[in-house]
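A.B. asks:
In the UniProt record's numbering, the protein residues as written are 1 to 471.
Here it is, written out as structure tokens:
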């Protein structure tokens with residue numbers, strides 16, 4: 001049998017495995033078109049290119065097979081992620097048809113509610129270290145596993161509007177502006193501050209503050225676990241305090257895997273940055289973004305404007321950009337405000353290509369390289385350097401020709417897609433750390449949309465900032 005015929009049959013087999021329909025129901029028209037294309041490519045003179053195309057196509061089909069298997073395993077949970085109004089989701093009854101999935105959820109929920117142990121679970125933002133939010137002993141274990149300061153409050157995750165109501169003071173009425181945000185952005189990466197009910201929520205959750213931060217995650221596994229356990233789950237990021245947040249199960253395993261019993265693997269996180277935290281409890285009627293996150297501020301402003309097209313629209317004020325509050329920073333009502341976060345175990349330098357502040361020296365790429373090799377600045381000048389940059393950036397293109405250093409590039413995607421860059425940030429920091437680079441260089445981006453949260457994390461992760469002139 002010819003080599004081409006072997007390759008052809010191999011691909012057809014993979015096509016059958018990847019098909020959502022049973023093998024006998026494969027689309028014959030697609031197969032016919034593929035056969036014609038295959039024959040045309042096989043007759044070309046470039047055999048290496050043909051072999052590479054075949055290998056790439058086979059790999060693609062194989063990945064589709066794996067995706068199909070995951071869909072069959074988790075499909076019963078996907079119904080929970082639809083962008084529905086919170087009132088509708090509250091009436092939903094959880095139905096899990098996969099025995100394997102249901103068994104895992106039952107085991108983990110029993111551990112949460114009866115043994116009061118913390119577990120790692122996926123959310124759409126980052127992986128969380130979850131515990132029963134109504135139990136002081138369970139919640140305290142989050143702090144001990146992470147090494148988290150006790151004055152750093154936790155976010156509580158709920159699965160329904162009735163669960164939310166059970167946590168609030170009985171006489172509290174959710175304000176119309178909150179209902180508007182919940183309608184548009186729950187479930188999703190939005191956390192809202194509510195008055196706490198100290199009879200229900202332990203003070204360890206709120207760090208003795210009068211408010212509690214609550215959100216409804218859209219990740220199907222997180223929602224299903226909360227529903228099966230039938231308790232709200234307090235869940236900061238599942239990492240050692242101060243380190244980059246995990247966006248894959250393997251990140252959790254490498255960091256705190258030896259300290260917890262269960263890690264629910266839900267694949268990579270869709271958003272990759274923590275939730276946006278909003279405080280709408282002030283008398284002036286404005287919204288204060290205490291922590292920018294996966295929900296862009298522009299989306300909140302859009303919804304407010306849409307609701308009041310000709311009337312007065314509340315302002316959306318971002319902490320440290322539009323306002324500061326020294327008392328709030330000393331006694332924060334939400335995570336991410338007081339302590340240094342997101343730092344890997346190796347040095348990080350932020351490279352800015354925007355206009356430098358007055359009296360700040362701007363370096364050329366070659367001058368930056370010279371600095372990195374200067375023994376007067378470094379006892380052991382870094383040789384193996386990680387680049388956390390968009391692959392289409394001018395800075396990246398100007399740095400890689402310098403062969404004096406060993407570059408290890410983790411692509412953030414395209415400069416034109418801030419959501420992708422945000423989703424890949426923590427993965428990049430943790431991946432480059434695992435590759436044992438000596439130093440990480442991160443390129444700053446415009447603080448629009450997801451770029452605001454991206455820069456919030458990067459500025460906290462970096463020990464130094466340098467401005468670069470691209471000429």
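No residue lacks a Cβ here, since even glycine has one placed at the ideal position from N, Cα and C.
Just so we're clear, the structure is a prediction, and the values are computed from it rather than from any experiment.
Kindly list the residues whose CB is nearer than 8 Å to the CB of residue 406, restricted to its own chain and excluding five residues on each side of it in sequence; keep chain order.
C.D. replies: Taking the chain shown and counting its residues from 1, one reaches residue 406 at position 406. Once the five neighbours on either side are set aside, the close Cβ partners of residue 406 are 383, 384, 385.
A.B. asks: Determine the extent of the beta strand (DSSP E) in which residue 278 is found, giving its start and end residues.
C.D. replies: Numbered from its first residue, the chain shown carries residue 278 at position 278. Residue 278 -> beta strand (DSSP E) spans 276-279.
A.B. asks: Does the beta-carbon distance from residue 260 to residue 346 come in below 9 Å?
C.D. replies: By one-based count along the chain shown, residue 260 stands at place 260. By one-based count along the chain shown, residue 346 stands at place 346. No.
A.B. asks: Between the Cα of residue 143 and the Cα atoms of 263, 134, 129, which residue gives the shortest distance?
C.D. replies: Position 143 of the chain shown, counting from 1, holds the residue named residue 143. Nearest option by C-alpha distance: 129.
A.B. asks: Of the residues 125, 98, 252, which one's Cα is nearest the Cα of residue 190?
C.D. replies: As a first step, residue 190 is located in the chain shown; it is residue number 190 there, counting from the start. Answer by Cα proximity: 125.
A.B. asks: Over the uninterrupted alpha helix (DSSP H) stretch that includes residue 423, give me the two end residues.
C.D. replies: By one-based count along the chain shown, residue 423 stands at place 423. 418-434 is the span of the alpha helix (DSSP H), which, as asked, contains residue 423.
A.B. asks: Tell me, please, which residues DSSP counts as bridged to residue 384.
C.D. replies: For the purposes of this step, residue 384 is taken as residue 384 along the chain shown, with counting starting at 1. 406.
A.B. asks: To the nearest angstrom, how far is it from the Cα of residue 80 to the Cα of residue 188?
C.D. replies: Taking the first residue of the chain shown as position 1, residue 80 is located at position 80. Taking the first residue of the chain shown as position 1, residue 188 is located at position 188. Note that residue 80 scores a pLDDT of 46, beneath 50, so its modelled location is shaky; the value from the coordinates is reported in the next line. Cα-Cα distance, rounded: 12 Å.
A.B. asks: Of the residues 428, 450, 401, which one's Cα is nearest the Cα of residue 485?
C.D. replies: In the structure as shown, the chain begins at 1 and stops at 471. Residue 485 is therefore absent and cannot be evaluated.
A.B. asks: At what residues does the beta strand (DSSP E) containing residue 195 begin and finish?
C.D. replies: What you label residue 195 is simply residue 195 of the chain shown in a count that begins at 1. Here the beta strand (DSSP E) through residue 195 covers 190-195.
A.B. asks: In the DSSP assignment, what residue or residues form a beta bridge with residue 130?
C.D. replies: Translated into positions along the chain shown, residue 130 becomes position 130. The partner list for residue 130 (beta bridge, DSSP) reads 119.
A.B. asks: In chain order, what residues of the same chain lie with their CB nearer than 6 Å to the CB of residue 298, ignoring the 5 residues before and after it?
C.D. replies: The residue given as residue 298 occupies position 298 in the chain shown. Once the five neighbours on either side are set aside, the close Cβ partners of residue 298 are 449.
A.B. asks: Can you tell me which of 154, 392, 459, 420 puts its alpha carbon nearest to the alpha carbon of residue 519?
C.D. replies: Because residue 519 is not part of the residues shown, which for the chain are 1 to 471, the question remains open.
A.B. asks: With a threshold of 6 Å on Cβ separation, who are the neighbours of residue 430 within its own chain once the five nearest residues in sequence on each side are excluded?
C.D. replies: If you number the chain shown from 1, residue 430 lands on position 430. Only 244, 251 meet the Cβ criterion.
A.B. asks: Give me the DSSP bridge partner(s) of residue 362.
C.D. replies: Taking the chain shown and counting its residues from 1, one reaches residue 362 at position 362. Its beta-bridge partners are 467.
A.B. asks: My output table needs one value for residue 458: the three-state DSSP class, helix, strand or coil.
C.D. replies: Numbered from 1 along the chain shown, position 458 holds the residue referred to as residue 458. Of the three classes helix, strand and coil, the one that applies to residue 458 here is helix, per DSSP.
A.B. asks: Using beta-carbon positions only, say whether residue 353 and residue 388 come within less than 9 Å of one another.
C.D. replies: Indexing the chain shown from 1 puts residue 353 at position 353. Indexing the chain shown from 1 puts residue 388 at position 388. It is not a contact, given that the beta carbons lie outside the stated cut-off.
A.B. asks: Return the Cβ separation of residue 235 and residue 121 in integer angstroms, given the expectation that the two are a contact with Cβ distance under 8 Å.
C.D. replies: Here residue 235 is taken as the residue at index 235 of the chain shown, counted from 1. Here residue 121 is taken as the residue at index 121 of the chain shown, counted from 1. Indeed, because the Cβ distance is near 7 Å, the residues count as touching under 8 Å.
A.B. asks: Assuming residue 304 and residue 466 make a contact with CB atoms under 8 Å, what is their CB distance in whole Å?
C.D. replies: What you label residue 304 is simply residue 304 of the chain shown in a count that begins at 1. What you label residue 466 is simply residue 466 of the chain shown in a count that begins at 1. That belief does not hold up - the Cβ atoms of residue 304 and residue 466 are roughly 38 Å apart, past 8 Å.
A.B. asks: Excluding five sequence neighbours on each side, which residues of the same chain lie with their C-beta closer than 7 Å to the C-beta of residue 172?
C.D. replies: Here residue 172 corresponds to residue number 172 of the chain shown, with the count starting at 1. 195.
A.B. asks: Taking the straight line between their C-alpha atoms, what separation do you get for residue 161 and residue 180?
C.D. replies: Reading the chain shown from its first residue, position 161 is the one you call residue 161. Reading the chain shown from its first residue, position 180 is the one you call residue 180. Taking the straight line joining both Cα atoms gives about 14 Å.
A.B. asks: Rounded C-beta distance between residue 216 and residue 159? I'm assuming under 8 Å.
C.D. replies: For the purposes of this step, residue 216 is taken as the residue at position 216 of the chain shown. For the purposes of this step, residue 159 is taken as the residue at position 159 of the chain shown. Indeed, because the Cβ distance is near 7 Å, the residues count as touching under 8 Å.
A.B. asks: Comparing C-alpha positions only, which one of 432, 456, 219 sits nearest to residue 264?
C.D. replies: Position 264 of the chain shown, counted from the start, is the residue given in the question as residue 264. The shortest Cα separation from residue 264 among 432, 456, 219 belongs to 219.
A.B. asks: Tell me the residue span of the beta strand (DSSP E) that contains residue 443.
C.D. replies: Counting from one through the chain shown, the residue named residue 443 turns up at place 443. Looking at the DSSP string, the run of the beta strand (DSSP E) that includes residue 443 is 439-443.
A.B. asks: Can you give the Cα-Cα distance for residue 418 and residue 451, rounded to whole angstroms?
C.D. replies: Position 418 of the chain shown, counted from the first residue, corresponds to residue 418. Position 451 of the chain shown, counted from the first residue, corresponds to residue 451. In a straight line, the C-alpha of residue 418 is about 6 Å away from that of residue 451.
A.B. asks: Output the boundary residues of the beta strand (DSSP E) element that contains residue 157.
C.D. replies: Counting from 1 along the chain shown, the entry for residue 157 is found at position 157. 155-157 is the span of the beta strand (DSSP E), which, as asked, contains residue 157.
A.B. asks: Quick one: what's got a C-beta closer than 7 Å to residue 169's C-beta in the same chain, skipping five residues either side?
C.D. replies: Numbered from its first residue, the chain shown carries residue 169 at position 169. Hits under 7 Å: 195, 197.
A.B. asks: Assign residue 136 to buried or exposed, taking buried as 16 or more other Cβ atoms, counted over all protein chains shown, within 10 Å of its Cβ.
C.D. replies: Residue 136 sits at position 136 when you count from the first residue of the chain shown. Residue 136 comes out exposed.
A.B. asks: In whole angstroms, what separates the C-alpha of residue 422 from that of residue 454?
C.D. replies: Reading the chain shown from its first residue, position 422 is the one you call residue 422. Reading the chain shown from its first residue, position 454 is the one you call residue 454. Taking the straight line from one Cα to the other gives about 5 Å.
A.B. asks: To which residues does DSSP link residue 411 through a beta bridge?
C.D. replies: Indexing the chain shown from 1 puts residue 411 at position 411. Residue 411 is bridged to 389.
A.B. asks: What residues are listed by DSSP as bridge partners for residue 213?
C.D. replies: By 1-based counting over the chain shown, the position of residue 213 is 213. BP columns for residue 213 point to 155, 193.
A.B. asks: For residue 262, name the three-state secondary structure that DSSP assigns.
C.D. replies: Residue 262 sits at position 262 when you count from the first residue of the chain shown. Residue state, collapsed to three classes: coil.
A.B. asks: Taking the straight line between their C-alpha atoms, what separation do you get for residue 413 and residue 355?
C.D. replies: As a first step, residue 413 must be located in the chain shown, where it is residue number 413. As a first step, residue 355 must be located in the chain shown, where it is residue number 355. For residue 413 and residue 355, the distance between alpha carbons rounds to 23 Å.
A.B. asks: For residue 459, which residues of its own chain have a beta-carbon under 7 Å away from its beta-carbon, when the five flanking residues on both sides are left out?
C.D. replies: Walking along the chain shown from the start, residue 459 turns up at place 459. So the qualifying residues of the chain are 350.
A.B. asks: Where does residue 78 land, buried or exposed, given buried means 16+ other C-beta within 10 angstroms?
C.D. replies: Here residue 78 corresponds to residue number 78 of the chain shown, with the count starting at 1. For residue 78, the predicted structure reports a pLDDT of 47, less than 50, and the residue's modelled location is therefore unreliable. A value from the coordinates is still provided. Exposed is the call here.
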